[in-house]
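Numbering (the working numbering), first residue to last: 1 to 398.
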């Protein structure tokens, strides 16, 4: 995201001496993407950022997946994954349960009440959507305040932790990329500014406002990274706390964007899903469907037309309002629908006709479209509604 910020104390010229009050040097770290050829930031540490005193295995949650075979649309009830008060013992990092995934992206869900360990994703950026609750996201860049409806964008290798606030559970929908996550390219100028036709702008993005300095010794950080057999984990121990950055500047940093600040694009007839796009990664896009006025042609049919996902799998997370097209399917708050490539899908029976004359949709959903097939994780298999595939026909297999 080529949107420059400067926080805390930085020297007038990069790669030059930046001294402490006692005359000692701060340690400059370049955090950059694509081998120094893309966005970056410079961070100034009190201590050497590469110093570690121990490294050991971190056993990750179950990340195995199973193919969607035979090919079926799926309905997953995420709110069933953390029954009762189980959430009080969970945190946003170690409590995630994998719902869907492929070689480009993993989608997990967690309900949390505990502060997480310090954590760094070394595989790719993370986009965490806060379905409910509030949290402080403490990072090496500073603190983000996350509230209901926020997307929290965390660049690859950002050391951070999640600290839920208040008595209510923190419900988090976690999209982990094996790449970087950026605003949709068609909304950016060649220099990275969000253009006039974009559905949001830089004023809607909220990054850290001041440094976060924490003292500590022998501090553990969980690191998710690449291994010979896929995703693996390591626990580093640092001799001093990694939150020791007195200042930073650049165009790479974590930030929040609230879904309520997305300005929907509408038209006289039904608009295709790309108008709802908010972010993208390698081989996937993220869209959101927000409350909006709908099609105003006198003969319009406001719910989506039936469509075949020729090139992609479509994942819709329903997180507010009433989704007219799915009425009668069993889908509700906290549901996921998976409509895979090769399957033609669209409104449930009766929704097509009922939508005629409707002027406003009060709905909220986060969509991920992937361009490689998604497989089911253990969390997805644990909360599936097995009858969803047959709801358009009103009957099960013959």
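Just so it is clear, CB atoms sit at the ideal spot from N, CA and C, and this is done for glycine as well.
Problem set entry | residue 327 versus residue 349: straight-line alpha-carbon distance, rounded | 9 Å
Problem set entry | Separation of residue 204 from residue 7, as counted between CA atoms | 18 Å
Exercise. Residues in its own chain within less than 6 Å of residue 91 by CB, not counting five upstream and five downstream?
Worked result: 112, 114, 116
For this session: Rounded to whole angstroms, what's the CA-CA distance from residue 156 to residue 396? Just pull it up for me.
Result: 44 Å
Exercise. CB residue 109 to CB residue 201, shorter than 8 Å?
Worked result: no
Exercise. Looking only at C-alpha atoms, which of 320, 290, 352, 277 sits nearest to residue 370?
Worked result: 277
Exercise. Quick one: what does DSSP say residue 229 is sitting in, helix, strand or coil?
Worked result: coil
Exercise. Residues bridged to residue 234 by DSSP?
Worked result: 57, 223
For this session: Measure the C-alpha to C-alpha separation of residue 378 and residue 17 and round it to an integer number of angstroms.
Result: 51 Å
For this session: Use the C-beta contact count for residue 48: other C-beta atoms within 10 angstroms, 16 or more gives buried, fewer gives exposed.
Result: exposed
Problem set entry | Assigned secondary structure, residue 259 (DSSP; H/G/I helix, E/B strand, else coil) | helix
For this session: Determine the direct distance from the alpha carbon of residue 81 to that of residue 53, and round the result to whole angstroms.
Result: 37 Å
Exercise. Cβ of residue 219 within 8 Å of Cβ of residue 234?
Worked result: no
For this session: Could you name the residues that DSSP lists as bridge partners for residue 162?
Result: 137
Problem set entry | Endpoints, alpha helix (DSSP H) assigned at residue 363 | Per DSSP, residue 363 belongs to no alpha helix (DSSP H); it is in the beta strand (DSSP E), 363 to 370.
Problem set entry | Classification of residue 422 by the beta-carbon crowding that lies within 10 angstroms, buried from 16 upward | With the chain represented from 1 up to 398, any question about residue 422 goes unanswered, as that position is not in the structure.
Problem set entry | Among 180, 135, 191, 184, the one whose alpha carbon lies nearest that of residue 161 | 135
Exercise. Nearest to residue 5 by CA position, among 34, 21, 42, 393, is which residue?
Worked result: 42
Exercise. Rounded to a whole number of angstroms, what is the C-alpha to C-alpha distance between residue 253 and residue 36?
Worked result: 15 Å
Exercise. Is it buried or exposed for residue 129, if we count other Cβ within 10 angstroms and need 16 for buried?
Worked result: buried
Problem set entry | Of the listed residues 329, 341, 361, 306, nearest to residue 389 (C-alpha basis) | 329
Exercise. Does the distance from the CB of residue 76 to the CB of residue 335 come in under 8 Å?
Worked result: yes
For this session: Please report the Cβ distance between residue 60 and residue 231, rounded to the nearest whole angstrom; I am assuming they are in contact, meaning their Cβ atoms lie under 8 Å.
Result: 7 Å
For this session: Would you check if the distance between the CB atom of residue 245 and the CB atom of residue 140 is smaller than 8 Å?
Result: yes
Problem set entry | Distance CB(residue 292)-CB(residue 266) smaller than 8 Å | yes
Problem set entry | Selected residue, minimal CA-CA separation from residue 387, among 351, 331, 366, 364 | 331
For this session: Along the alpha helix (DSSP H) that carries residue 321, what are the first and last residues, could you check?
Result: Taken as a continuous stretch (DSSP letters only), residue 321 belongs to no alpha helix (DSSP H), being part of the beta strand (DSSP E) at 313 to 321.
Exercise. Hey, which unbroken runs of the alpha helix (DSSP H) at 4 residues or more fall wholly within the stretch 157 to 212?
Worked result: none
Problem set entry | Three-pair Cβ contact test at 8 Å for the stretch 350 to 367 versus the stretch 310 to 320 | yes
Exercise. By a C-beta neighbour count over all protein chains shown, 10 Å radius and 16 as the cutoff for buried, is residue 19 buried or exposed?
Worked result: exposed
Exercise. Out of 359, 289, 185, 305, which has the shortest C-alpha to C-alpha gap to residue 297?
Worked result: 359
For this session: Would you kindly check if the distance between the Cβ of residue 280 and the Cβ of residue 198 is under 8 Å?
Result: no
For this session: Please state whether DSSP places residue 38 in a helix, a strand or coil.
Result: coil
Exercise. Which residue comes first and which comes last in the beta strand (DSSP E) that contains residue 29?
Worked result: 27 to 32
For this session: Output the distance between the C-alpha atoms of residue 354 and residue 383, rounded to the nearest integer angstrom.
Result: 30 Å
Exercise. Between the beta-carbon of residue 152 and the beta-carbon of residue 137, is there less than 8 Å?
Worked result: yes
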